[in-house]
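In the working numbering, the protein residues as written are 13 to 355.
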């Protein structure tokens, strides 16, 4: 394998990481297997947030095997927001794909994205994924993408409506950082620090910078479930998310804040709250504690989805929880078929 990294990459994969060496190694293996010869227009940059595990050894193992990886190691832990925001300026590539260190790309996915960047001009490429548990990593690594991938062209309003809450998912979005810089030469990737969603500054930024986007409806990778923690769930995806959406898109996409709030209440929070209930039953808690009902009522005061689909999940009645969650799943399936017209 050619191990010479490109001096002028078209696509950069940036991977912020902290103390997940083994998972990171699996992700790197899922990237490199697509390329018998390393393409000159692709680079991989790892931003290690002062890990204390075997992260550097895992990276070095792949480098020794012929994978050109650029490793940036922070001297001290700069926090999750700081490490995420640093990804934007860690490359000069036209397109940026920020991937979580616990994902697994399906065979052919990386090559598909690179080829798409080579032959298309876009602001945002949004990619669907499938969830998996840790015991399913080998299965995910063995999966390959189909010959025909469902890709749909959309304008900014359409892709915001269809992707909605998953625009917050870093691994699902490839952005045209060059278009964003051209649109706003003074763009600051640290605009939304201390929100746990700093990447939205550039994801929303390309929705304003470009009118041509693509939505990949075929899942191209697996996302490890239940592996996120270290923040208050509703504060981030209720209070912070709505505030960022209003600041960044309020004057560009009317109704963006309401749509994103409804998406959080229907597509994200019900599943997370059910997961929290299961974890709590075993004496644990993935997220920092908060007065969840108070914060929910503060963040989503006027939404009927709060009262229909979320608050019942906090009931002490297991039967009421199960019925409500079933209704949520039915609603989401119908809403997806309607391109989320009910948001």
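All C-beta atoms, glycine included, are put in the ideal place defined by N, C-alpha and C.
Just so it is clear, the structure is predicted and the values come from calculations on it, not from any experiment.
| Item | Value |
| --- | --- |
| Tell me the rounded alpha-carbon separation between residue 225 and residue 161. | 16 Å |
| By a C-beta neighbour count over all protein chains shown, 10 Å radius and 16 as the cutoff for buried, is residue 106 buried or exposed? | buried |
| Suppose the cutoff is 6 Å on Cβ atoms and the five residues either side in sequence are ignored; what does the same chain contact list for residue 152 look like? | 116, 144, 234 |
| What number of angstroms, rounded off, separates the C-alpha of residue 10 from the C-alpha of residue 34? | For residue 10 there is no data in the structure shown, the boundaries of the chain being 13 and 355. |
| Would a C-beta distance cut-off of 8 Å place residue 232 and residue 286 closer than the cut-off? | no |
| Quick one: grab the DSSP three-state call for residue 13. | Residue confidence for residue 13 is low, a pLDDT of 40 falling below 50, so the modelled location carries little weight and cannot support an answer. |
| Tell me whether residue 328 sits in a helix, a strand or coil according to DSSP, three-state version. | coil |
| Once the 5 residues before and after residue 14 are set aside, which same chain residues still bring their CB inside 6 Å of it? | Confidence at residue 14 is low in this model, with a pLDDT of 36, below 50, so the placement of that residue is unreliable and no value is reported for it. |
| Identify every residue that forms a DSSP beta bridge with residue 156. | 119 |
| Between residue 109 and the rest of its own chain, which residues show a CB-CB distance below 6 Å, the 5 nearest in sequence each way excluded? | 25, 186 |
| Which full runs of the beta strand (DSSP E) of 3+ residues lie inside the region 265–312, going along the chain? | none |
| Classify residue 334: buried if its beta carbon has 16 or more other beta carbons within 10 angstroms, exposed otherwise. | exposed |
| Looking at C-beta atoms only, is the number of pairs between the region 35–46 and the region 61–80 that lie closer than 8 Å three or more? | yes |
| Any idea if residue 345 is buried or exposed, counting beta-carbon neighbours within 10 angstroms, 16 or more meaning buried? | exposed |
| In terms of residue numbering, what span does the alpha helix (DSSP H) encompassing residue 214 cover? | 212–221 |
| Can you look up residue 92 in the DSSP assignment and give me helix, strand or coil? | helix |
| So is residue 189 buried or exposed if we call it buried at 16+ other beta carbons inside 10 Å? | buried |
| As a quick exercise: from 118, 222, 250, pick the residue whose alpha carbon is nearest that of residue 133. | 222 |
| In the DSSP assignment, find the beta strand (DSSP E) that holds residue 164 and state where it starts and stops. | 163–166 |
| In this structure, how does DSSP classify residue 147 when only helix, strand and coil are distinguished? | helix |
| Identify whether residue 60 lies in helix, strand or coil by the three-state DSSP scheme. | strand |
| Assess contact between the region 204–216 and the region 125–132, defined as three or more Cβ pairs (one per stretch) separated by less than 8 Å. Is contact present? | no |
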